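Protein sequences, first through last, are from chains A and B.
Going by the working numbering, the first sequence runs without a break in its numbering and finishes at 785.
Going by the working numbering, the second sequence runs without a break in its numbering and finishes at 785.
From the three backbone atoms N, C-alpha and C, an ideal C-beta is built for every residue, glycine too.
The model shown is predicted, which means the values in this text are computed figures rather than measured ones.
To keep things clear, I will list the structure first and then write my remarks on it.
Protein chains: 2
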Amino acid sequence: MTVSSPVQPPDAEALPLVELAQATRQAAQTLASATTADKNRAIEAIAAALEQQEAAILAANQADCDAAQRDQLAKPLYERLKLDGVKLRGAIAGVRDVAKLPDPGGTVQIHRELDTGLILKRVTCPLGVLGVIFESRPDAVMQISSLAIKSGNGLILKGGKEAVQSCTALVAAIKVGLATAGFAPAAVQLLTTRAETQALLALDEYIDLIIPRGSNAFVRFVQNNTRIPVLGHADGICHLYIDQAADLAKACAIAVDAKAAYPSACNAIETLLIHNAIAPTALPELAAALQAAGVALRGDALSRQILPALPPASEDDWATEYSALILAIKVVNSLEAAISHINTYGSRHTDAIVTEDPEAAAQFMDRVDAAGVYHNCSTRFADGFRYGFGAEVGISTQKMPPRGPVGLEGLVTYKYQVVGDGHVSATYSGKDAKPFSHQDLDLSS
Amino acid sequence: MTVSSPVQPPDAEALPLVELAQATRQAAQTLASATTADKNRAIEAIAAALEQQEAAILAANQADCDAAQRDQLAKPLYERLKLDGVKLRGAIAGVRDVAKLPDPGGTVQIHRELDTGLILKRVTCPLGVLGVIFESRPDAVMQISSLAIKSGNGLILKGGKEAVQSCTALVAAIKVGLATAGFAPAAVQLLTTRAETQALLALDEYIDLIIPRGSNAFVRFVQNNTRIPVLGHADGICHLYIDQAADLAKACAIAVDAKAAYPSACNAIETLLIHNAIAPTALPELAAALQAAGVALRGDALSRQILPALPPASEDDWATEYSALILAIKVVNSLEAAISHINTYGSRHTDAIVTEDPEAAAQFMDRVDAAGVYHNCSTRFADGFRYGFGAEVGISTQKMPPRGPVGLEGLVTYKYQVVGDGHVSATYSGKDAKPFSHQDLDLSS
Chain A
341 MTVSSPVQPP DAEALPLVEL AQATRQAAQT LASATTADKN RAIEAIAAAL
391 EQQEAAILAA NQADCDAAQR DQLAKPLYER LKLDGVKLRG AIAGVRDVAK
441 LPDPGGTVQI HRELDTGLIL KRVTCPLGVL GVIFESRPDA VMQISSLAIK
491 SGNGLILKGG KEAVQSCTAL VAAIKVGLAT AGFAPAAVQL LTTRAETQAL
541 LALDEYIDLI IPRGSNAFVR FVQNNTRIPV LGHADGICHL YIDQAADLAK
591 ACAIAVDAKA AYPSACNAIE TLLIHNAIAP TALPELAAAL QAAGVALRGD
641 ALSRQILPAL PPASEDDWAT EYSALILAIK VVNSLEAAIS HINTYGSRHT
691 DAIVTEDPEA AAQFMDRVDA AGVYHNCSTR FADGFRYGFG AEVGISTQKM
741 PPRGPVGLEG LVTYKYQVVG DGHVSATYSG KDAKPFSHQD LDLSS
Chain B
341 MTVSSPVQPP DAEALPLVEL AQATRQAAQT LASATTADKN RAIEAIAAAL
391 EQQEAAILAA NQADCDAAQR DQLAKPLYER LKLDGVKLRG AIAGVRDVAK
441 LPDPGGTVQI HRELDTGLIL KRVTCPLGVL GVIFESRPDA VMQISSLAIK
491 SGNGLILKGG KEAVQSCTAL VAAIKVGLAT AGFAPAAVQL LTTRAETQAL
541 LALDEYIDLI IPRGSNAFVR FVQNNTRIPV LGHADGICHL YIDQAADLAK
591 ACAIAVDAKA AYPSACNAIE TLLIHNAIAP TALPELAAAL QAAGVALRGD
641 ALSRQILPAL PPASEDDWAT EYSALILAIK VVNSLEAAIS HINTYGSRHT
691 DAIVTEDPEA AAQFMDRVDA AGVYHNCSTR FADGFRYGFG AEVGISTQKM
741 PPRGPVGLEG LVTYKYQVVG DGHVSATYSG KDAKPFSHQD LDLSS
């Protein structure tokens, strides 16, 4: 390991953004055609380069942290900005883990004979170039770069200004790794100014998917300012509904976990709905468990009849993601009313029911419109790692796929390949049209 | 069959658009939970109602056609507007065909044990409400309504003003069919004014997917004026590349089919690229075959050295979808140059290579960025029916799935269902974290 000053990327002289994006697009074409083994070699070379440049990276991060303290950066942001040897080595281990994941490209999804000698295949392939915009967290650079390379995509990163030296040092090491493995360093690029963010969002000719990582307000800003598809979600307003047939012990354990285990996570609940048939007995016990976990409760009129000490919840509460140890409570008079409340105020992220009644559970899971519909378990399971995807690119609350937690498969698309031997459409139309055979073939052949 | 005057829909008094969309959304929830058998019964009832109201529908269409003649509607639009008994009965047969297609909903895509008793499923489900905007073609009403119902979605239709009476009569019959089968008639709605189109595009809270059917300019207008996802494509600029290792007989047959079989189709070619090594011998033969099929050719400087009679093709030609018997020709000096031209000027729809060189074909199919990449066959096969999808909702040239010809599967999304027995996330985190088992289970159980 050599100790050196913060590294500048080889192409640090600012290229005009369009040229930079064109260079990334070109480098991405080589990555797209690369074998899984070659992409894994690049990921290993990147991990090795990051290890080799640990001292330079930590020095760059220290410079960012010093500046952040001078600028009195808010403490949670500072925590996310701060790297140390342990955190860096953990992130490098995460890079190597991506090499072990299955390659999401090259999967044959359809293999069909249309007619003798005319064969259709649908095969997964990279999207092209990803634009990833994140705020203070420099370790995102390593994770997203390895995911982009594994999926065969180019990557243009835009980090927060408070992390500029850290990100520059990290991307420099990543470019060294790419070059070592024989790939163009332009496959991964770093932008550092706020003006470039706006320009990036306008590059719909060169960028195929934008992944914003940051606050809800930031994600909403990105969604409202680009024609490029955006993977992510602005709000995580998740609900837990305690049905009249709920097991109260399960309800208490799930409510505490879903609210208090990690309140700033998007899969934490913001509203607890409870059926009026069990509210008088269940609500005091639920409230005690939640308050013991440090949760501040707010209630609608009916819950305050049962627990008069609760401060009132207003209409605004139903549409608020607190991201804090606050929970709004509402008493509903039916499963129907619970589903209707969730479909009105929810953000289509993840909603759960606690009940021993299988029919109520089936109704809830069928009719709640959300990426995740849960029965007798915590909403906190809504996560790519927990679903077994190996890595999570983001959680999407849009309706069209990819929806919910998105793993590497969210970074690929597909193309249709048709191979013939001079086949023309005229054969299959008109009076003497030959019928298509449409025989599905073995996907692995 | 009763002969009557054009029918008014039951809810013909204009509802404010938001209320109308809410009613459709509610009706869609019932459709979303309906069994395949019940949805097929609704489709059969619609087919029967359309048959029963044939006379009223044809009378309404005649009124539209009379008005169109008074207004001197362009002939191709008039042809698309005109219904007769044969065309109507063909469309009704098409409605019944949709009942025979597999239900795209309820498919289990992932079935996984996360831990003992904690089970994840990913299951396909309807999108919600579709907004379909089309120009003069009234038969689109029948096709898209049956596809929407089969996929469990509500539908808001907006037809062109020249087809207003035809569409009103058709939707009236469809609503009768829905009611006969016990579904809310509000599941399918018709808008008829231009002002409503703008309002429809703003309803991103109520509509999950917009499908525009019409001219390129119209589709582009829709794409530029809504935040709702749009399924479709503005341009179909498809290419045929004749490689130096091409079989000339195949090249001629494919070129003629791809250009002349149906020149206004989006999967017809607009540009022929040819390798300079074979251009001197092949181009005269290709040109003769194309001209014999009535195609007007334009050439770049190199092709005009071989065929001096060709009018020149300009830079604009490479980016133009003629939708007519016109073809631009360009001589390229390598496979590389052909791929680069296609990736620069193409619309990512469908592009083909003619070659006997498997390595050139593999390079082309890997590196051309299009929904369809073809080898030794006509681009005209880019079509949902020809791919064996049973029905085609549209052809998408966006990069994210659904891409290319989209069948019923483009009208569904998926949700993640997780079922536990009181499972909480705290069990799987921290110092004594229990590992997840992540065992894939049988998809059909």
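Span separating the alpha-carbon of residue 716 of chain B from that of residue 620 of chain B: 21 Å
Whose Cβ in chain A lies nearer than 7 Å to the Cβ of residue 687 of chain B? Result: empty, since nearest Cβ-Cβ is about 12 Å, beyond 7 Å.
On the criterion of 16 or more Cβ atoms from any shown chain inside 10 Å, does residue 784 of chain A qualify as buried, or is it exposed? exposed
Relative to chain A, which residues along the region 713-738 of chain B have a C-beta separation below 7 Å, given in chain order? 713, 714, 715, 716, 717, 718, 720, 721, 726, 727, 728
Let's test the definition: count the other Cβ atoms within 10 Å of the Cβ of residue 468 of chain B and tell me whether it reaches 16, buried, or not, exposed. buried
Taking the alpha-carbon positions, what's the residue 660 of chain B to residue 557 of chain B distance? 13 Å
Which runs of the alpha helix (DSSP H) fall wholly inside the region 533-617 of chain B and span at least 4 residues, in chain order? 534-541, 556-564, 588-600
Secondary structure of residue 675 of chain A, DSSP reduced to three states: helix
From the DSSP output, in three-state form, read off residue 624 of chain A for me. helix
Taking 8 Å as the CB-CB cut-off, is residue 776 of chain B touching chain A? yes
Alpha carbon to alpha carbon, how far is residue 428 of chain A from residue 394 of chain A? Give it in angstroms, no decimals. 8 Å
Answer with buried or exposed for residue 552 of chain A, where buried requires no fewer than 16 other C-beta atoms within 10 angstroms of its C-beta. buried
At 9 Å on the CB atoms, spell out the chain A contacts of residue 757 of chain B, in chain order. 705, 712, 713, 714, 715
Going by C-alpha distance, which of A:514, A:632, A:493 is nearest residue 466 of chain A? A:493
Taking the alpha-carbon of residue 633 of chain B as reference, which of B:595, B:645, B:642 has the nearest alpha-carbon? B:595
DSSP on residue 777 of chain B, reduced to helix/strand/coil? coil
Which bits of chain B does residue 764 of chain A rub up against, with CB to CB less than 7 Å? 593, 594, 597, 718
Mind checking which residues open and close the beta strand (DSSP E) that includes residue 760 of chain B? 752-763
Assess, as a yes-or-no matter, whether the region 721-732 of chain A is touched by the region 668-683 of chain B under the definition of 3 or more beta carbon pairs within less than 8 Å. no
Alpha helix (DSSP H) runs contained entirely in the region 650-729 of chain A, provided each spans 4 or more residues: 655-658, 675-685, 698-707
Test item: CB-CB of residue 503 of chain B and residue 476 of chain B under 8 Å: yes
Could you check which residue in B:754, B:580, B:441 has the C-alpha nearest to that of residue 599 of chain B? B:580
What are the boundary residues of the beta strand (DSSP E) that residue 464 of chain B is part of? 458-466
Where residue 745 of chain B sits in the DSSP three-state scheme: strand
Check the Cβ of residue 754 of chain B against every Cβ in chain A and list those closer than 7 Å, keeping chain order. 741, 743
Considering only C-alpha positions, which residue in the set A:522, A:570, A:524 is nearest to residue 542 of chain A? A:570
Compile a chain-ordered list of the residues in the region 560-582 of chain B whose CB is closer than 7 Å to at least one CB of chain A. 569
By how many angstroms is the C-alpha of residue 440 of chain A removed from the C-alpha of residue 521 of chain A? 17 Å
Closest Cβ-Cβ distance between residue 436 of chain B and chain A: below 8 Å? no
State yes or no: is the beta carbon of residue 427 of chain A nearer than 8 Å to at least one beta carbon in chain B? no
Note down, in chain order, all residues in the region 477-507 of chain B with a beta-carbon under 8 Å from any beta-carbon belonging to chain A. none
Local conformation of residue 455 of chain B per DSSP, three classes: strand
Report all residues from its chain with a CB closer than 7 Å to the CB of residue 376 of chain A; omit the five preceding and five following residues, and keep chain order. 443
contact_flag[the region 357-364 of chain B, the region 524-539 of chain B] where n(CB pairs < 8 Å) is 3 or more: yes
Compare the C-beta of residue 460 of chain A with all C-beta atoms of chain B and state if any pair is closer than 8 Å. yes
I'd like to know whether the C-beta atoms of residue 737 of chain B and residue 688 of chain B end up nearer to each other than 8 Å. yes
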